[in-house]
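A.B. asks:
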Amino acid sequence: MRRKEDARFIRGKGRYLDDIVLPGMLHSAILRSPYAHARIVSVDTSAAEAHPKVRAVITGETLKGLGLAWMPTLSHDVQAVLATDKVRFQGQEVAFVVAEDRYAARDALGLIEVEYEPLEPVIDATHALDPDAPVIRDDLEGRTDNHIFDWEAGDSAACDEVFARADVVSSCDMLYPRSHPAPMETCGSIASMDPVTGKLTIYTTTQAPHAHRTIYALVAGLPEHKIQIISPDIGGGFGNKVGIYPGYVCAVVGSIVTGAPVKWVEDRSENLMSTSFARDYHMHGEMAATKDGRILGLRVKVLADHGAFNGTAQMSKMPAGLFHVFSGSYDMPAAHCSVTGVYTNKAPGGVAYACSFRITEAVYLVERMVDVLAKDNGWDPVELRTKNLLRPEQFPYTTPLGWEYDSGDYPRTLQTALDIAGYDELRREQAAKRAAYERDGTGTLMGVGLSFFTEAVGAGPRRTMDILGLGMADGAELRIHPTGKAVLRLSCKSQGQGHETTFAQIVAEELGISPDDIEVVQGDTDQTPFGLGTYGSRSTPVSGAATAMVARKVRERAKIVAAAMLECSAEDLEWEKGNFHVKGDPAASRSMAEIAMAAHSDLELPEGVEGHLDATVVYNPPNLTYPCGAYLCVVDVDPGTGHVTVRRFVAVDDCGVRINPMIVEGQVHGGLADGIGMALMEVMAFDPDGNHLGASFMDYLLPTAMECPSWELGETVTPSPHHPIGAKGVGESATVGSPPAVVNAVLDAIGVRHADMPLTPAAVWKAMRGEPLRTDLAIE
Ligand code: MCN
Ligand code: CUN
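Residue 570 in our numbering sits at position 258 of the sequence shown, with consecutive numbering throughout.
1) Whole angstroms is fine: what's the gap from T517's alpha carbon to Y717's?
2) Comparing C-alpha positions only, which one of V947, G510, H924 and D966 sits nearest to P939?
3) Between T624 and A563, what straight-line distance do the alpha-carbon atoms span, to the nearest angstrom?
4) Using 9 Å as the threshold, is the C-beta distance between A362 and L423 below it?
5) Could you name the residues that DSSP lists as bridge partners for M599?
6) To which residues of the same chain is G403 closer than 6 Å at the C-beta, ignoring the five residues directly before and after it?
7) Do the CB positions of N657 and H349 come within less than 9 Å of each other?
8) Report yes if the C-beta distance between I792 and A911 is below 9 Å; otherwise report no.
9) Distance, Cα to Cα, D592 vs S501?
10) For M784, count neighbouring C-beta atoms within 10 Å of its own C-beta (all shown protein chains included) and say buried if the count is 16 or more, exposed if not.
11) CA-CA distance, E821 and T698?
12) What are the boundary residues of the beta strand (DSSP E) that includes D948?
13) Taking the beta carbon of K316 as the centre, do at least 16 other beta carbons fall within 10 Å, making it buried, or is it exposed?
14) Does the distance from the C-beta atom of L341 to that of A420 stay below 9 Å?
15) Beta-carbon within less than 6 Å of A876's beta-carbon, same chain only, minus the 5 sequence neighbours each way: which residues are those?
16) Assuming K871 contacts L885 under a Cβ cut-off of 8 Å, what Cβ separation, rounded to an integer in Å, is found between them?
17) Helix, strand or coil for Y847? Go by DSSP, reduced to three states.
18) To the nearest angstrom, report how far apart R490 and S650 are at their CA atoms.
19) Nearest to V949 by CA position, among R902, L1059, V976 and E994, is which residue?
20) Evaluate I322 with the Cβ neighbour count: other Cβ atoms within 10 Å of its Cβ, from every protein chain shown; 16 or more gives buried, anything less gives exposed.
21) Out of V854, D467 and R670, state which residue places its alpha-carbon closest to the alpha-carbon of S1032.
22) Please determine, among E673, Y528, T795 and F765, the residue with the shortest C-alpha to C-alpha distance to Y488.
23) Between which two residues does the beta strand (DSSP E) carrying H648 extend?
24) If we ignore side chains and look at the alpha-carbon of each, how far apart do Y328 and N552 end up?
25) For a minimum of 3 consecutive residues, which ranges assigned as the beta strand (DSSP E) are wholly contained in the segment 910 to 982?
26) Which value, in whole angstroms, describes the spacing of the CA atoms of M1010 and G989?
27) For the ligand MCN, I want to know if A666 counts as a neighbour, meaning its beta carbon is within less than 8 Å of at least one of the ligand's heavy atoms.
28) Please state the DSSP three-state secondary structure of E425.
29) Suppose contacts are defined by Cβ-Cβ distances below 9 Å. Is S482 in contact with H648 by that definition?
30) Residues in its own chain within less than 6 Å of M505 by CB, not counting five upstream and five downstream?
31) Out of V995, T1030, V969 and R351, state which residue places its alpha-carbon closest to the alpha-carbon of L1085.
32) How far does the alpha helix (DSSP H) with W1077 in it extend, from its first residue to its last?
33) Tell me, to the nearest whole angstrom, how far the beta carbon of A1046 is from that of G987; I am working on the premise that it is less than 8 Å.
34) Whole angstroms is fine: what's the gap from A798's alpha carbon to D926's?
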């Protein structure tokens, strides 16, 4: 089925945040710090206030008076809304101007005089804990260093034991550099405080409207029924639109101060410089194995750069989130990791960029380590994986870290990818090309890279997520109108994933109503049931399950109504796509539309049965869902320039039952492009002064059609045993799974053990000469 929402999107009729204009609306702009680390000596706003079109200038001092200078983050830290004492990253919010139009607001920024006293910045996380490193968070009481947390998982004694008896151990240091989700639409908010009713309406680009409402309620002390969050069409989120940014809070304050609606929309550079980044994990891995290639254990040490404020959306007890799945898809007896989080003078964040909360880094680490182990011992990376992949009969499988993978047939998924790719033939071609290159120094170097990933999606069960102590259940409400048309109200929120189509399809499948007759309502907290939104590919696993359950609840009610209509007992009825009929008498049947009309009529129903067919469900998932995939990448590297061409990419995904195969493939296509971007192009680098070197699309390179091959997709279907329709999430799978496949392919081509992403021509060229490159610091 084609996407219902595309009718408006491809005609340019989507309604995004910046399309919304409220009567009397004012505009705004944020003054940002040019320094990565500096003390604020003074802020003089008088000239800006005198600008004829300026209505208000708000500073950290203004907010201090309202008790709003600092706001809570999603990780039990605080973040400055507008800086008062110090600025702690380049681009940090310092002042907020409200004016009659956007141009005046921007102009007025230039009239604000801020005196800074520059301080030495901490840019390289590996030096954040040096004894003489400047203390970034001196606002926190008793803070004398840049340490945020230490967290560990797994059994370190068991690891020691397997490492002691291992025949071979490979170790490797690797950086997953800071990257950014860079959605097409940047972030923004329109706040409107009605001075008469006291109701605060916020139109905002959020992936989690209900979570935002609760946070505003808790922080501002407003009751929830006086706050309405409306998330309109969103032009991409990728995790960038989960958190609350200072601009959102400033828009609210701006509206309270001026008595008018205030719109704040960031530009591209502001988005890249100040909103949730992703990754920035310095990882050290050690993998132990027997001499015949049985993996025995994996030990990992991570230094996590969380920027100036710790704002990652994580569970309270597990600050590194689902890094937990770092043992990957392999049957290894022992695993242990420790993660240390540090502050640096960089933007805070982030949940961002299809991270599934640090799974991306975990998958990259284990898939790189397997290749390193293979290379160190002259093993074929496919054989090594085949030997160690979890076997179908081991599911449900409890990892050495205590997570229960629900289902999977990994060998079949891998084999499917190898078959599509023609693996043996590729290796023959590679050998021939290598021989020609060594013989006459001409031609390209060909590489084949593989990754096998297990994702953990669908937060979920209590232990997987804990935002503000809230659980992670999702509500779903289904109303069937008398004529059999339906409206489904959900707490999750599409940012491009096609929910209006797929969730209608779930109901259609359960009730036999056409998907075109089912309207899906999302994004407005006044209209939808509570739930924590869309991220971590949780919409299908949680809201999708709620949708199937609520439709089944309606069907049960419809059965009773149908029985009353047919004057039989409900037990005598049989359900067949869209109709209830009397067993053995298919002619005695009633369609859902007929039943709906009857349910709203004066038909006499059995004692205790309510009329109508509407129903509500709250679904609390028993476990995460664990999709998996086998990815194979073929690259050609120009040995003269280091330029990489991705020639082929085979992706076999298993996300259980697919609701809409075309949408699933679209999700995979997007994620594969993400993966190529991260592996080859994207990095947020900083110079020694903390200047951000990725603040525009001239510097922060995104993949385009030019860099992407024609994707070759395959599938296996292993239903999730605990999901009502057997579906698993898929929205982030390809972003998580593809970077290691690309990197493994490039390194295979040039015969190098390890080099860090992004593998730009310069990085590849240097790697071929044995010179490592710190891609996250000033790029050469
Ligand atoms: N689907 C399906 N069958 C399945 C699984 C999913 O048909 N077995 C469909 C779903 O019904 C939905 C889509 O595929 O229409 C994605 O579903 P799901 O995997 O549940 O992910 P979410 O809807 O929760 O989306 C979130 C996920 C995340 S976390 C990021 S990041 C990301 C991603 O989706 N951001 C995106 N894909 C994106 N795609 C677009 N266009 N824009 C973004 O911002
Ligand atoms: Cu972590 S990016 Mo998606 O979960 O919104």
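Built from N, CA and C at the ideal position, the CB exists for glycine as well.
C.D. replies: For this structure:
1) For the purposes of this step, residue 517 is taken as residue 205 along the sequence shown, with counting starting at 1. For the purposes of this step, residue 717 is taken as residue 405 along the sequence shown, with counting starting at 1. Rounded to the nearest angstrom, the two C-alpha atoms are 33 Å apart.
2) Position 627 of the sequence shown, counted from the first residue, corresponds to residue 939. Closest by alpha carbon: D966.
3) Taking the sequence shown and counting its residues from 1, one reaches residue 624 at position 312. Taking the sequence shown and counting its residues from 1, one reaches residue 563 at position 251. Cα to Cα, the separation comes out at about 23 Å.
4) The residue given as residue 362 occupies position 50 in the sequence shown. The residue given as residue 423 occupies position 111 in the sequence shown. Result yes, Cβ atoms of A362 and L423 sit closer than 9 Å.
5) Residue numbering aside, residue 599 sits at position 287 when the sequence shown is read from its first letter. DSSP lists S482 and L610 as the beta-bridge partner residues of M599.
6) Counted from its first residue, the sequence shown places residue 403 at position 91. Here the set comprises R344, M585 and S586.
7) In the sequence shown, residue 657 corresponds to position 345, counting from 1. In the sequence shown, residue 349 corresponds to position 37, counting from 1. Closer than 9 Å, so yes.
8) Mapped onto the sequence shown, residue 792 falls at position 480. Mapped onto the sequence shown, residue 911 falls at position 599. For I792 and A911, yes; Cβs fall inside 9 Å.
9) Counted from its first residue, the sequence shown places residue 592 at position 280. Counted from its first residue, the sequence shown places residue 501 at position 189. One C-alpha to the other measures close to 28 Å.
10) Here residue 784 is taken as the residue at index 472 of the sequence shown, counted from 1. By the 10 Å Cβ count, M784 comes out buried.
11) Walking along the sequence shown from the start, residue 821 turns up at place 509. Walking along the sequence shown from the start, residue 698 turns up at place 386. Distance between the alpha carbons of E821 and T698: 37 Å.
12) Counting from 1 along the sequence shown, the entry for residue 948 is found at position 636. First-last of the beta strand (DSSP E) with D948: C940 to V949.
13) Working through the sequence shown from its first residue, we reach residue 316 at position 4. That one is buried.
14) Translated into positions along the sequence shown, residue 341 becomes position 29. Translated into positions along the sequence shown, residue 420 becomes position 108. Contrary to the premise, residue 341 reads as Ala rather than Leu in this sequence. Yes; because the gap between Cβ atoms is below 9 Å, this pair is in contact.
15) Here the question's residue 876 lines up with position 564 in the sequence shown. Once the five neighbours on either side are set aside, the close Cβ partners of A876 are L915 and L917.
16) Taking the first residue of the sequence shown as 1, we reach residue 871 at position 559. Taking the first residue of the sequence shown as 1, we reach residue 885 at position 573. Contact flag correct, Cβ pair sits at about 6 Å.
17) Start at 1 with the first residue of the sequence shown, and residue 847 comes out as number 535. Of the three classes helix, strand and coil, the one that applies to Y847 here is coil, per DSSP.
18) As a working mapping, residue 490 is identified with position 178 in the sequence shown. As a working mapping, residue 650 is identified with position 338 in the sequence shown. Near 20 Å, if we compare the C-alpha coordinates of S650 and R490.
19) By 1-based counting over the sequence shown, the position of residue 949 is 637. Ranking the options by Cα distance to V949, first place goes to L1059.
20) What you label residue 322 is simply residue 10 of the sequence shown in a count that begins at 1. Exposed.
21) Taking the sequence shown and counting its residues from 1, the one referred to as residue 1032 is at position 720. Proximity to S1032 across V854, D467 and R670 peaks at V854, based on C-alpha coordinates.
22) Translated into the one-based positions of the sequence shown, residue 488 becomes position 176. Out of E673, Y528, T795 and F765, E673 has the C-alpha closest to the C-alpha of Y488.
23) What you label residue 648 is simply residue 336 of the sequence shown in a count that begins at 1. A646 to V654 is the span of the beta strand (DSSP E), which, as asked, contains H648.
24) Taking the first residue of the sequence shown as 1, we reach residue 328 at position 16. Taking the first residue of the sequence shown as 1, we reach residue 552 at position 240. Answer to the nearest angstrom: the Cα atoms are 16 Å apart.
25) Within the segment 910 to 982, the beta strand (DSSP E) runs of at least 3 residues that lie entirely inside it are, in chain order, 927 to 931, 940 to 949 and 956 to 966.
26) Locating residue 1010 in the sequence shown gives position 698, counting from the first residue. Locating residue 989 in the sequence shown gives position 677, counting from the first residue. The straight-line gap from Cα to Cα measures roughly 14 Å.
27) The residue given as residue 666 occupies position 354 in the sequence shown. True, at least one ligand heavy atom lies under 8 Å from that Cβ.
28) The residue given as residue 425 occupies position 113 in the sequence shown. Note: E425 maps to strand in three-state DSSP.
29) In the sequence shown, residue 482 corresponds to position 170, counting from 1. In the sequence shown, residue 648 corresponds to position 336, counting from 1. No. Outside cutoff.
30) As a working note, residue 505 is residue 193 in the sequence shown. The answer, listed in chain order, is L512, S567 and I568.
31) Numbered from its first residue, the sequence shown carries residue 1085 at position 773. For the residues V995, T1030, V969 and R351, the minimum Cα distance to L1085 belongs to V995.
32) For the purposes of this step, residue 1077 is taken as residue 765 along the sequence shown, with counting starting at 1. Segment P1073 to M1080, the alpha helix (DSSP H) holding W1077.
33) Here residue 1046 refers to the residue found at position 734 when the sequence shown is read from its first residue. Here residue 987 refers to the residue found at position 675 when the sequence shown is read from its first residue. Contact flag correct, Cβ pair sits at about 6 Å.
34) Taking the sequence shown and counting its residues from 1, one reaches residue 798 at position 486. Taking the sequence shown and counting its residues from 1, one reaches residue 926 at position 614. Answer to the nearest angstrom: the Cα atoms are 9 Å apart.
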